[in-house]
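Participant: Take full-length UniProt numbering: the last position of the sequence shown gets the number 532, and nothing is skipped along the way. Submitted below is the structure of interest, expressed as structure tokens.
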Amino acid sequence: MTSHSYQMVETISCPSQLVKRVVQPKAGFQTLAEELKFYIMSFLSCRDILRCASVCKALRQTYISSSELQYIIELKGQHLLPVANTENRSPISKRLNLLRDRAHAWFDVDFHSFETVTVKSYSEQKYVVNGHLYLWDQDEDLATIIPIFPKLSQQTIQRNWSPGTLCSVSNSANLDVFMDPAQNLKAVVYKVDHETLYIDLGVLDHDSAHPQAAGRTLYVSGPPGYDNNRVQTTSAKLSGCGRHIALQRSVEVTVVDHGAGIYYENMWQLQIWDWQHSTTSNSVLSVTTLHGIGFCFLGNKRILVVADDNLKLYSIEDISQTPQFLACFLLPLPLSYIQCLLPMDDIEHHSLSHVQPTMYTSDAKHRLICLISSFPTRVFIISTRIFFNVDGTAAATPIPWNHWGPSNARIFEHHYSCKVHVCGNRVLQAFPVCTSASSPNEYVLHMMDFSLLAVTNRRGLGRVVKETSSINFAGKSAESLTISTSLPYVEVVSDRKFSFDELKAMWIDKDRIYLLNTNWTRTLTTLEVINV
1 MTSHSYQMVE
11 TISCPSQLVK
21 RVVQPKAGFQ
31 TLAEELKFYI
41 MSFLSCRDIL
51 RCASVCKALR
61 QTYISSSELQ
71 YIIELKGQHL
81 LPVANTENRS
91 PISKRLNLLR
101 DRAHAWFDVD
111 FHSFETVTVK
121 SYSEQKYVVN
131 GHLYLWDQDE
141 DLATIIPIFP
151 KLSQQTIQRN
161 WSPGTLCSVS
171 NSANLDVFMD
181 PAQNLKAVVY
191 KVDHETLYID
201 LGVLDHDSAH
211 PQAAGRTLYV
221 SGPPGYDNNR
231 VQTTSAKLSG
241 CGRHIALQRS
251 VEVTVVDHGA
261 GIYYENMWQL
271 QIWDWQHSTT
281 SNSVLSVTTL
291 HGIGFCFLGN
301 KRILVVADDN
311 LKLYSIEDIS
321 QTPQFLACFL
331 LPLPLSYIQC
341 LLPMDDIEHH
351 SLSHVQPTMY
361 TSDAKHRLIC
371 LISSFPTRVF
381 IISTRIFFNV
391 DGTAAATPIP
401 WNHWGPSNAR
411 IFEHHYSCKV
421 HVCGNRVLQA
431 FPVCTSASSP
441 NEYVLHMMDF
451 SLLAVTNRRG
461 LGRVVKETSS
471 INFAGKSAES
481 LTISTSLPYV
491 EVVSDRKFSF
501 DELKAMWIDK
511 DRIYLLNTNW
521 TRTLTTLEVI
531 NV
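So this is what it looks like as structure tokens:
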């Protein structure tokens with residue numbers, strides 16, 4: 001049996017040469033100027049800086065006396081990246097205190113204090129993104145986007161679309177709509193016959209083409225190798241991240257075999273465009289699976305595809321060719337009817353000149369991805385750092401779960417439908433008040449922070465969870481498998497209870513919590529907005 005070495009998890013330790021100098025300090029190092037000590041320490045990781053400061057008085061004094069160094073630590077510890085902003089001239093010490101106070105506020109949320117937006121009941125699909133609520137009803141071909149209690153500095157878009165106005169092509173059948181208020185972008189995937197799909201691009205605030213788009217229409221390719229076959233799309237879903245738009249769809253291919261007759265193949269297809277530079281794309285993946293796939297962007301250069309019992313990592317740096325396979329991460333159990341959550345609306349896109357200025361943005365390499373599998377419902381919370389620490393040999397052999405998963409994930413199991421959302425390194429998850437097998441009547445909300453500095457920023461609030469948690473899985477064999485995970489986090493539990501029947505969905509962003517509720521008669525739908 002061939003053994004393999006998997007160097008997947010980043011090593012967190014103070015550099016040996018620096019530790020040696022710290023434990024046995026030399027006079028030369030102690031006499032260095034504070035500016036030089038700061039310069040040296042600024043190259044270290046968050047944990048390395050804190051470790052070095054804890055074993056050396058000179059370095060600790062440098063850390064304590066430097067607001068700049070503490071600000072670097074706070075950004076790294078919250079997995080944020082600084083953004084160049086010439087308009088912000090506030091001192092570093094003020095930014096540091098603001099950053100710490102905002103992180104602490106998430107542990108002291110008042111769930112009883114909220115504002116309410118009444119939601120039009122016609123819409124089947126409801127989404128919150130970039131401080132806007134957008135609604136879409138496929139059957140009625142109606143759509144709306146509205147700002148949610150906008151701030152004075154926030155750019156807003158408000159518009160209604162009546163039947164036949166969403167797409168610039170008349171007599172089209174719209175399959176899905178994607179809206180990105182940060183880029184003033186609207187994308188509609190539609191078909192004009194039974195087989196051919198297109199994507200119509202435009203701006204949200206009026207009917208013209210998008211000024212940054214390569215063209216008004218993106219052209220959808222068929223599954224590779226089936227050019228002469230009839231291809232029927234059975235479902236379609238659009239998503240986007242910066243300059244990329246993706247279409248995920250299930251297709252039924254009619255195959256004529258002169259020996260076996262006519263039969264049908266079902267598959268899932270994923271196609272990605274750089275919509276700002278080309279209307280066509282060769283970046284196409286096809287997957288054959290009975291239970292569908294999940295997919296998400298990992299920033300602007302990588303994607304993650306979830307299918308059955310594995311996560312496949314691809315590079316999309318060159319959109320003119322098929323995504324480059326980088327690694328396969330094995331899961332401990334198969335996933336079915338997958339939902340993949342990794343919002344990217346708080347990632348800074350440098351091409352967007354009109355986005356309101358900000359001091360920092362989320363680090364795409366240090367976020368949380370949420371995978372939801374049904375029947376029963378299992379929620380996988382996974383740190384994305386593992387997907388950025390692969391080397392050139394990772395594509396050769398699938399990486400076993402035990403080599404990457406337990407320390408980089410948490411798994412939660414629910415007996416009923418799950419309400420969960422993620423943003424950066426925070427998770428909002430609803431758990432039933434009654435954990436017995438009987439049908440629950442109420443939820444409580446758990447706010448979880450997985451960032452490195454969560455323990456510090458909680459300031460005594462919440463509960464620190466470091467111990468291992470386990471779930472049991474009985475597969476096709478009679479034996480039961482115990483799956484353990486240990487990604488640490490801090491959680492607070494809401495003191496307010498929510499009706500199981502009325503709480504329909506929830507979202508979080510960097511400033512707010514959004515709770516979608518419908519009364520028991522289904523006559524009134526409201527969106528509660530909780531400021532943090």
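Think of the CB as a built atom: it goes at the ideal place given N, C-alpha and C, for glycine as much as any other residue.
Going along the chain, which unbroken runs of the beta strand (DSSP E) with 3 or more residues stay wholly within the region 69-98?
Facilitator: Fully enclosed beta strand (DSSP E) runs of 3 or longer: 80-82.
Participant: Going by DSSP, name the residue or residues bridged to M359.
Facilitator: For M359, which the question treats as bridged, DSSP gives no partner whatsoever.
Participant: Could you give the DSSP three-state label for V455: helix, strand or coil?
Facilitator: In the structure shown, V455 sits in a helix (DSSP, three-state: H, G or I).
Participant: Cutting at 6 Å between CB atoms, please list the residues of its own chain near L481, excluding the five before and the five after it.
Facilitator: For L481, where only same-chain residues beyond five positions count, the Cβ hits under 6 Å are F473.
Participant: Cα separation between I262 and H291?
Facilitator: If you take the alpha carbons of I262 and H291, they lie about 23 Å apart.
Participant: What residue from P332, W404, F380 has the CA that sits closest to F388's CA?
Facilitator: The candidate whose alpha carbon is nearest that of F388 is W404.
Participant: Determine the closest residue to S168 out of F149, R47, L152, K191, with distance taken between C-alpha atoms.
Facilitator: The candidate whose alpha carbon is nearest that of S168 is K191.
Participant: Quick check: the Cα distance between L503 and V119, rounded to an integer number of angstroms?
Facilitator: Those two C-alpha atoms are separated by around 14 Å.
Participant: For P163, write down the residues that DSSP places opposite it in a beta bridge.
Facilitator: In the DSSP output, where bridge partners are listed per residue, P163 has none listed.
Participant: Quick check: I92 and S65, are their CB atoms within less than 8 Å of each other?
Facilitator: No. Outside cutoff.
Participant: Under a Cβ-count criterion, where at least 16 other Cβ atoms within 10 Å of its own Cβ denotes burial, should G131 be classed as buried or exposed?
Facilitator: G131 should be labelled buried.
Participant: The alpha helix (DSSP H) with V305 in it runs from where to where?
Facilitator: Element bounds for V305: not the alpha helix (DSSP H) but the beta strand (DSSP E), 302-307.
Participant: So what's R410 in DSSP terms, helix, strand or just coil?
Facilitator: Here R410 sits in strand by DSSP.
Participant: Report the rounded CA-to-CA distance for V465 versus V490, giving the unit in angstroms.
Facilitator: For V465 and V490, the distance between alpha carbons rounds to 6 Å.
Participant: Measuring CB atoms only, is the region 200-212 touching the region 224-231, in the sense that at least three cross pairs come out at less than 8 Å?
Facilitator: Because the criterion of three Cβ pairs below 8 Å is not met, the region 200-212 and the region 224-231 do not touch.
Participant: With distances taken Cα to Cα, identify the nearest neighbour of N441 among G424, D501, N408.
Facilitator: Out of G424, D501, N408, D501 has the C-alpha closest to the C-alpha of N441.
Participant: Is DSSP giving E252 helix, strand or coil here?
Facilitator: E252: strand per DSSP, three-state reduction.
Participant: Is there a Cβ of chain C sitting closer than 8 Å to that of V529, yes or no?
Facilitator: Looking at the structure shown, chain C is missing, and only one protein chain is on hand.
Participant: F498: buried (16+ other C-beta within 10 angstroms of its C-beta) or exposed?
Facilitator: So F498 ends up on the buried side.
Participant: Taking the alpha-carbon of Q248 as reference, which of V189, H277, G202 has the nearest alpha-carbon?
Facilitator: With distances taken between Cα atoms, Q248 lies closest to V189.
Participant: Between the region 450-458 and the region 513-532, do three or more beta carbon pairs fall short of 8 Å?
Facilitator: No, the region 450-458 is not in contact with the region 513-532.
Participant: Rounded to whole angstroms, what's the CA-CA distance from H421 to C296? Just pull it up for me.
Facilitator: Answer to the nearest angstrom: the Cα atoms are 14 Å apart.
Participant: Do you know offhand how far F329's Cα is from N402's?
Facilitator: Cα to Cα, the separation comes out at about 10 Å.
Participant: Pop quiz: G240 and F178 are said to be a contact at Cβ under 8 Å. What is the actual Cβ separation, rounded to whole angstroms?
Facilitator: Rounded, the Cβ-Cβ distance is 6 Å, consistent with contact.
Participant: Could you name the residues that DSSP lists as bridge partners for Q429?
Facilitator: Per DSSP, V420, H446.
Participant: Return the chain-ordered list of same chain residues with a C-beta closer than 8 Å to the C-beta of A409, the five sequence neighbours on each side being excluded.
Facilitator: F380, I381, I382, S383, T485, L487.
Participant: Nearest CA to the CA of K510: which residue from I73, V129, N310, D176?
Facilitator: Measuring from the Cα of K510, the nearest candidate turns out to be V129.
Participant: What's the C-alpha gap between I319 and V253?
Facilitator: Answer to the nearest angstrom: the Cα atoms are 25 Å apart.
Participant: Can you tell me the Cα-Cα spacing of N97 and N310, whole angstroms?
Facilitator: If I take the Cα positions, the gap works out to 42 Å.
Participant: With H, G and I counted as helix, E and B as strand and the rest as coil, what does DSSP make of Y219?
Facilitator: Strand.
Participant: Thinking C-alpha only, which one of K37, S45, P82, H79 is nearest Y63?
Facilitator: Measuring from the Cα of Y63, the nearest candidate turns out to be K37.
Participant: For a test of the three-state rule: what should DSSP assign to G299, helix, strand or coil?
Facilitator: Correct three-state label for G299: coil.
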